[in-house]
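Okay, so here's the structure we're looking at.
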Ligand SMILES: [Zn+2]
């Protein structure tokens with residue numbers, strides 16, 4: 081029976097390019113998991129989009145002397161380019177700046193309001209008389225009241241690193257025009273997380289046995305230690321989703337409150353553009369569906385506490401308000417396999433200091449599967465890990481090329497040459513052949529279990545271990561020598577090795593989709609292993625937004641040994657991967673910083 085699985089992927093802020101830390105933190109593991117679940121025959125939906133609102137985008141727009149809309153659109157376009165080049169198979173990658181998302185987010189807000197989980201509170205905030213507007217914390221600078229640093233930002237001091245209360249800044253000035261702001265009273269909506277604490281704790285305890293320790297620490301652990309308090313969910317800002325209450329002009333939903341709602345709104349948008357408007361219910365109101373959230377560790381509280389709080393708080397009322405129906409609860413997160421951070425050559429990645437390996441820049445020089453391989457092998461699943469250029473070269477050459485790529489290439493080339501491009505007829509297989517096939521095909525269980533548990537490094541290690549077993553088998557049976565004297569025996573060895581490679585191809589496929597697709601074709605299959613990605617423009621009253629989509633393959637292969645037969649026509653193989661020169665590490669290091 082196939083399951084409904086939602087692969088919900090972190091929304092990148094549309095105010096900077098994507099680096100390898102972002103990729104391995106959430107986007108790549110999500111794609112590996114989605115591709116695996118599709119091979120298993122499940123109903124997978126992988127969604128995300130550009131997080132286009134909030135002060136990070138407006139501050140960037142001000143610094144570039146342009147509009148937030150233009151900033152978001154230009155980064156959105158570069159995300160789409162990167163995701164296609166790296167093969168991130170989003171069923172829908174959209175944006176938060178769509179009419180649909182506005183409506184869904186406002187419906188969630190109204191359901192919480194109706195259920196009494198929102199309240200108002202007055203507070204002091206800096207106001208710019210010259211611009212006649214309130215200034216978000218990032219728009220005010222001044223002297224730090226803790227250390228005396230004169231260029232402290234309203235939210236944080238770069239002098240002492242402390243988080244600041246913007247209203248206490250000494251000699252404040254507006255970042256926009258340098259004028260002196262004054263404190264005025266403003267009113268905001270607060271999300272009453274305190275009232276939801278018991279049900280949030282209950283939700284977390286049900287998942288305690290299988291969630292990652294770091295995720296539990298930052299959710300259940302934090303709540304049990306400190307409890308939950310209300311959080312402001314509106315801002316005095318005009319770039320974003322308007323608060324859907326009369327008299328609240330000029331205020332927006334806080335970007336974090338609305339961005340997490342994007343998982344729901346993107347599913348609804350996907351259902352609409354694929355002309356099956358009801359289909360979103362399969363993932364969101366079906367109690368048997370499983371939702372996985374792929375995020376970095378900095379986003380854990382928002383996904384493991386606040387978002388479940390929103391879902392619990394709306395109860396059945398989201399569906400009531402949005403679709404005029406009732407009796408449908410929204411599905412709570414099943415798992416949140418958040419990753420730790422990837423550092424670069426021993427130091428924290430910093431985009432602003434250019435201490436980063438940028439996704440698009442990397443792919444101008446190397447193949448996507450080489451990046452996917454190295455990022456999986458070093459994925460920070462349980463602790464911070466490090467990108468090291470020498471390690472990248474070593475793993476590429478010793479593991480990807482030597483253990484896997486050469487195995488596939490030399491067996492295929494040999495078969496292609498000696499059997500006229502056909503899979504040889506082995507006659508009856510020997511015990512050692514059957515043993516190898518049994519050993520390798522056990523990977524559907526062992527690699528599959530690790531993938532299912534989102535232990536992606538272990539899954540890749542296991543696939544590589546099985547490839548090494550096939551290499552050992554070839555050392556023992558030595559078809560390159562037996563061909564001179566015993567063609568029948570050689571046919572058995574080569575047939576067995578090809579068959580094993582056909583299975584290995586599937587183990588590697590979620591990690592290495594490009595080379596696995598190539599290999600699939602060399603092995604003589606005509607229908608592709610995977611579907612295809614494409615972009616398409618959509619327009620609404622907020623403007624045009626281009627989305628990335630994925631069209632699944634019609635004859636998707638299954639997570640089981642293939643229908644590989646003797647007599648099948650092979651295609652002329654080419655090497656799957658490129659060996660790298662040792663000088664690469666030195667050259668790449670000189671680009672940094
Ligand atoms: Zn300070």
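Numbering (our numbering), first residue to last: 81 to 673. Virtual Cβ for every residue (Gly too), placed ideally from N, Cα, C.
(request) Have a look at the DSSP bridge pairing and note the partners of residue 642. (result) DSSP, once it has assigned bridges, lists no residue as partnering residue 642.
(request) Within the region 221-298, note down every full alpha helix (DSSP H) run reaching 4 residues or more, in order along the chain. (result) 273-285, 293-296
(request) Take every Cβ of the region 633-642, pair it with every Cβ of the region 486-498, and state whether three or more of those distances are shorter than 8 Å. (result) no
(request) Along the beta strand (DSSP E) that carries residue 617, what are the first and last residues, could you check? (result) 612-620
(request) Quick one: grab the DSSP three-state call for residue 85. (result) strand
(request) Pull up the distance between the alpha-carbon of residue 351 and that of residue 360, whole angstroms please. (result) 6 Å
(message) Let's test the definition: count the other Cβ atoms within 10 Å of the Cβ of residue 269 and tell me whether it reaches 16, buried, or not, exposed.
(response) buried
(message) For a minimum of 4 consecutive residues, which ranges assigned as the alpha helix (DSSP H) are wholly contained in the region 157-229?
(response) 179-194
(request) Can you have a look at residue 473 and say buried or exposed, based on whether 16 or more other CB atoms are within 10 angstroms of its CB? (result) buried
(request) Quick one: grab the DSSP three-state call for residue 422. (result) strand
(request) Measure the CB-CB distance between residue 616 and residue 626 and report whether it falls below 8 Å. (result) yes
(request) Assign residue 548 to one of three DSSP states: helix, strand, or coil. (result) helix
(message) Quick check: the Cα distance between residue 265 and residue 257, rounded to an integer number of angstroms?
(response) 22 Å
(message) Let me confirm a value: residue 424 is counted as buried when at least 16 other C-beta atoms fall within 10 Å, else exposed. Which label applies?
(response) buried
(request) Compute every distance between the C-beta of residue 307 and the non-hydrogen atoms of ligand 1, then say whether any falls below 7 Å. (result) no
(message) So for residue 342, helix, strand or coil by DSSP?
(response) helix
(request) Quick one: residues in its chain with C-beta nearer than 6 Å to the C-beta of residue 475, no 5 flanking neighbours on either side, listed in chain order? (result) 454, 457
(request) Specify whether the region 156-176 and the region 371-382 touch according to this definition: at least 3 beta carbon pairs, one from each stretch, less than 8 Å apart. (result) no
(request) List the residues that DSSP assigns as beta-bridge partners of residue 125. (result) 86
(message) Just to be sure I understand the criterion: a residue counts if its Cβ is closer than 5 Å to at least one heavy atom of ligand 1. Which residues meet that?
(response) 224, 226, 227, 229, 237, 239, 240
(message) Less than 8 Å between the C-beta atoms of residue 131 and residue 346, yes or no?
(response) no
(message) Between 662, 542, 500, 663, which has its C-alpha nearest residue 651's C-alpha?
(response) 500
(request) Please report how far the alpha carbon of residue 658 lies from the alpha carbon of residue 387, in whole angstroms. (result) 43 Å
(request) Report all residues from its chain with a CB closer than 7 Å to the CB of residue 543; omit the five preceding and five following residues, and keep chain order. (result) 523, 527, 584, 587, 588
(request) Kindly indicate the opening and closing residues of the alpha helix (DSSP H) around residue 456. (result) 448-457
(request) Can you tell me which of the three DSSP states residue 665 falls into? (result) helix
(request) Can you give me the start and stop residues for the alpha helix (DSSP H) that residue 502 sits inside? (result) Per DSSP, residue 502 belongs to no alpha helix (DSSP H) and is neither H nor E.
(message) Suppose contacts are defined by Cβ-Cβ distances below 8 Å. Is residue 570 in contact with residue 563 by that definition?
(response) yes
(request) Please work out which residues of its chain come closer than 8 Å, Cβ to Cβ, to residue 96, disregarding the five sequence neighbours upstream and downstream, and give them in chain order. (result) 140, 155, 431
(request) Could you check if residue 561 is buried or exposed, using at least 16 other CB atoms within 10 Å of its CB as the buried criterion? (result) exposed
(message) Does the structure place the region 406-426 close enough to the region 289-300 that three or more beta carbon pairs sit under 8 Å?
(response) yes
(message) Give me the residue from 241, 240, 233 with the minimum Cα distance to residue 249.
(response) 233
(request) List the endpoints of the continuous alpha helix (DSSP H) containing residue 474. (result) 469-475
(message) Just to confirm my understanding: we take residue 427, look at its own chain, exclude 5 residues before and 5 after, and list those with CB closer than 8 Å. What are they?
(response) 435
(request) Classify residue 325 as helix, strand or coil using the three-state DSSP reduction. (result) coil
(message) On the DSSP bridge list, what partners appear for residue 320?
(response) BP columns for residue 320 are empty, so no partner.
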